[in-house]
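**Q**
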C-alpha cells in the first residue's frame with residue numbers, strides 16, 4: 281500500500297513541476313539565430329506563444345531598447361501578418377560607418393492579416409538587428425501581446441540579474457563577446473569556408489577517387505594474372521592425367 285502512495289505522490293510532483301515549467305517559459309522571448317555578438321549584426325526571432333485556451337493572438341508590438349538604439353532593424357515578412365516599423369528621432373545621433381544617424385527604429389508591430397496564433401500554438405517573427413552595442417551584455421525588448429477577445433498582456437517587467445523571474449518578464453537578448461570582424465560571423469564564416477575550401481575539398485575528393493580507381497585497377501590486374509596461372513595449371517594437370525590413363 282505504501283508503494284502505491286509513494287508512486288502516486290511522485291506522479292503528482294512530476295506533474296506539478298511540468299505545469300510550473302510550462303507556465304514559467306510560456307512568454308514572449310527573443311532568441312538569436314546563431315550568435316548575437318557585441319558590435320556586430322544578428323538575426324533574432326521574436327517568439328510569441330499563445331497562453332490562452334479560448335482566444336488567439338492577433339497583434340504583437342516590440343519596442344526597441346531606447347538606451348541602446350539600433351541603426352538597422354529589418355523585419356522578415358511573415359505570411360498572414362502585416363508589419364509596421366515605427367521610427368523616432370534620436371536624442372544623440374549615432375555614427376555608423378562614418379555616417380551620422382539621427383533617427384532609429386523605436387517599435388515593430390505585427391498585426392494579423394489572415395492568420396492568428398491559436399491556442400496551443402506559437403509564432404516566430406524574424407528581425408535583423410545591428411549594430412549591437414558593445415557596452416552591455418544584454419538588451420531588453422519590451423513587448424505587448426493582444427488577443428482577439430481584446431485582452432492585452434504587457435511583457436515589460438525587466439528581469440533582474442540573480443533575482444526571481446517577474447510575472448510578465450520582458451524579452452531579453454543576451455550578447456556574446458565581440459567578434460573580430462564585427463559581423464556576428466556565423467553565416468559569413470560558413471560562406472567564406474565554402475568559398476575558400478570548396479576547391480580544396482573538391483581536389484581531395486578527386487584525389488581520393490583517383491587513388492581508389494588506381495587501387496581497383498591494380499587489384500584487377502593481380503586477379504587477372506592469378507586467373508591465367510590457375511588456368512595454365514589446370515591444363516597441365518589435365519594433360520598429365522590423360523597420359524597416366526593411357527599408360
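In this note's numbering, the protein residues as written are 281 to 527.
The C-beta atom is built at its ideal place from N, Cα and C for all residues, glycine as well.
Just so we're clear, the structure is a prediction, and the values are computed from it rather than from any experiment.
1) Mark residue 380 as exposed unless 16 or more other C-beta atoms lie within 10 angstroms of its C-beta, in which case mark it buried.
2) Can you find at least 3 beta carbon pairs, one from the segment 346-364 and one from the segment 436-454, that sit closer than 8 Å?
3) I'd like the list of long-range same chain contacts for residue 448, defined as Cβ closer than 8 Å, with 5 residues on each side in sequence excluded.
4) Quick one: measure Cβ to Cβ for residue 353 and residue 385, integer angstroms, because I've assumed they're closer than 8 Å.
5) With 16 other CB atoms within 10 Å as the buried threshold, where does residue 458 fall?
6) Under the DSSP definition of a beta bridge, which residues are partnered with residue 359?
7) Quick check: residue 340 and residue 324, are their CB atoms within less than 8 Å of each other?
8) Could you check if residue 430 is buried or exposed, using at least 16 other CB atoms within 10 Å of its CB as the buried criterion?
9) Going by beta-carbon coordinates alone, are residue 319 and residue 418 separated by less than 8 Å?
10) With DSSP as the reference, identify every bridge partner of residue 405, one or two as the case may be.
11) Which term fits residue 414, buried or exposed, when burial requires 16 or more other beta carbons within 10 angstroms of its beta carbon?
12) Within 10 angstroms of its Cβ, does residue 311 collect 16 or more other Cβ (buried), or is it exposed?
13) DSSP on residue 354, reduced to helix/strand/coil?
14) For residue 390 and residue 453, what's the separation of their Cα atoms in angstroms?
**A** Looking at the coordinates:
1) exposed
2) no
3) 307, 433, 434, 435, 436 and 437
4) 4 Å
5) exposed
6) Beta-bridge pairing links residue 359 to no other residue.
7) no
8) exposed
9) no
10) 326
11) exposed
12) exposed
13) strand
14) 19 Å
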